[in-house]
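Pasting the structure below:
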């Protein structure tokens with residue numbers, strides 16, 4: 002049973018009425034093929050425990066209190082009032098998330114491998130803290146000691162192909178020549194083994210899967226690696242040995258999944274450069290950030306004309322072409338919600354607006370990315386032109402109570418935003 006969000010009608014419901022019509026229209030009449038569906042979750046404001054969050058209408062919390070305790074059905078979109086706005090979809094009542102952490106044993110001239118000791122001491126469960134908010138949760142950890150050969154490199158990929166699923170995968174390996182940790186984000190499709198692996202295999206100038214080099218699906222710019230360790234670096238060269246093969250095979254197996262788990266390979270230096278405690282702290286931090294994508298704040302402006310709201314369809318050269326949304330965009334560094342929505346409306350539509358009432362925030366979740374859609378009313382400074390145009394959109398329309406909600410291909414949670422802003426009669 003969908004839950005109410007205070008007085009906001011946030012659940013999907015069948016809207017009766019005529020197909021979408023508009024007094025303002027430009028471009029194609031039908032949206033293009035949609036992008037992959039964005040997953041969104043609904044929360045209830047009627048089951049709140051802990052302090053109420055209150056802050057200025059900036060789209061951000063201004064308190065450091067613990068997250069609100071809320072039940073989260075899995076089929077609906079998140080919404081809440083501005084004065085009760087948590088940082089992200091609640092995890093309460095959900096099945097405990099599972100992660101996989103792998104390491105290797107001794108190989109070549111190395112009599113020991115610190116990653117073997119790391120996974121041997123890893124607990125079966127651990128509490129992880131969202132680095133972007135004050136939320137936390139307990140996760141289940143599966144550890145595996147991989148053999149230093151083709152079988153070990155392919156084990157995780159094989160298990161994924163057999164239907165095994167994790168919410169994040171972190172491979173650990175020893176870099177004997179490194180003096181600091183390196184996070185490998187590129188699995189190269191090639192083997193150039195300067196020495197045999199533990200099975201005696203030595204392959205040179207050979208492809209691994211034939212799929213080409215594969216990138217890990219994480220946002221390195223927003224990952225915050227330096228907060229894990231100031232000396233840690235990103236690397237696009239995991240070598241030509243079993244470590245690179247493991248990462249590549251895992252990424253290749255994940256590529257065919259509907260919801261691929263984020264996966265990275267962490268190379269740690271020998272213990273004479275980094276003690277195990279430092280490598281362990283680094284590994285835990287990387288794993289946590291795999292579980293918690295960064296939060297990207299978006300400002301969306303709602304311009305009303307009576308009981309209608311102006312909506313826009315993304316143009317063919319934009320990301321997610323053909324999807325309908327409220328005009329707006331991402332915050333610039335140091336920008337407040339009101340400033341962001343005013344700037345975006347001028348840049349996209351050439352319309353000067355002032356910021357009004359904050360109508361709430363909705364969450365959209367994509368593979369390793371979380372969006373917080375901050376919706377604020379805007380008011381045009383001057384009379385609107387008879388024909389509206391946009392740099393980023395190919396169609397602009399007024400959406401009203403009689404319009405059919407599903408006649409539009411909405412972007413992310415914007416469908417639920419519109420059900421809230423424009424209730425059906």
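Numbering (our numbering), first residue to last: 2 to 426. Glycine included, C-beta positions come from ideal geometry on N, C-alpha and C. Every value quoted in this text rests on a predicted model; they were computed, and no experiment measured them.
The C-alpha of residue 266 is placed about 22 Å away from the C-alpha of residue 163. In terms of Cβ geometry, residue 169 and residue 262 form a close pair [threshold 8 Å]. Scanning 245, 307, 394 for the CA closest to the CA of residue 318 turns up 394.
Taking residue 143 as the centre and dropping the five residues before and after it, the same chain places the C-beta of 101 closer than 6 Å to its C-beta, in chain order.
Residue 363 is positioned such that its CB atom lies no closer than 8 Å to that of residue 328.
Secondary structure in the region 99 to 141: the alpha helix (DSSP H) runs of 4 residues or longer, each lying completely within the stretch, are 115 to 121 in chain order. Between the region 407 to 425 and the region 334 to 341, the count of C-beta pairs closer than 8 Å stays below three; the two stretches do not touch.
Per DSSP, residue 343 is one residue of the alpha helix (DSSP H) stretching across 338 to 350.
Shown here, residue 415 sits in a helix according to DSSP, grouped into three states. Boundaries of the alpha helix (DSSP H) around residue 248: 243 to 255. Contact between residue 379 and residue 354 is confirmed by a C-beta separation of about 4 Å, below the 8 Å threshold. Closest in alpha carbon position to residue 240, among 282, 189, 283, is 189. Rounded to whole angstroms, residue 137 and residue 196 show a C-alpha spacing of 44 Å. Nearest C-alpha to residue 224 among 155, 132, 151, 401: 132. A distance below 7 Å between beta-carbons, with the five flanking residues on each side excluded, links residue 356 to the following residues of its chain, in chain order: 339, 342, 343, 377, 379.
Nearest C-alpha to residue 280 among 180, 96, 417, 129: 180. In this structure, 238 is the residue among 238, 120, 198, 211 with its C-alpha nearest to the C-alpha of residue 217. Residue ranges of uninterrupted beta strand (DSSP E) with 3 or more members, entirely inside the region 257 to 326 and ordered along the chain, are 264 to 269, 296 to 306, 309 to 315. By the beta-carbon neighbour count (other beta carbons within 10 angstroms, threshold 16), residue 121 is exposed. At a Cβ-Cβ threshold of 8 Å, residue 220 and residue 370 count as neighbours. Between the beta-carbon of residue 296 and that of residue 303 there is about 21 Å, and that puts the pair past the 8 Å contact cut.
Nearest in C-alpha terms to residue 156, of all of 249, 175, 228, is 249. If you ignore the 5 residues before and after residue 194, its C-beta comes within less than 7 Å of the C-beta of 203, 204, 205, 241, 242, all in its own chain and listed in chain order. Per DSSP, the continuous beta strand (DSSP E) segment holding residue 397 begins and ends at 394 to 400.
Shown here, residue 206 sits in a strand according to DSSP, grouped into three states. Per DSSP, reduced to three states, the secondary structure at residue 365 is strand.
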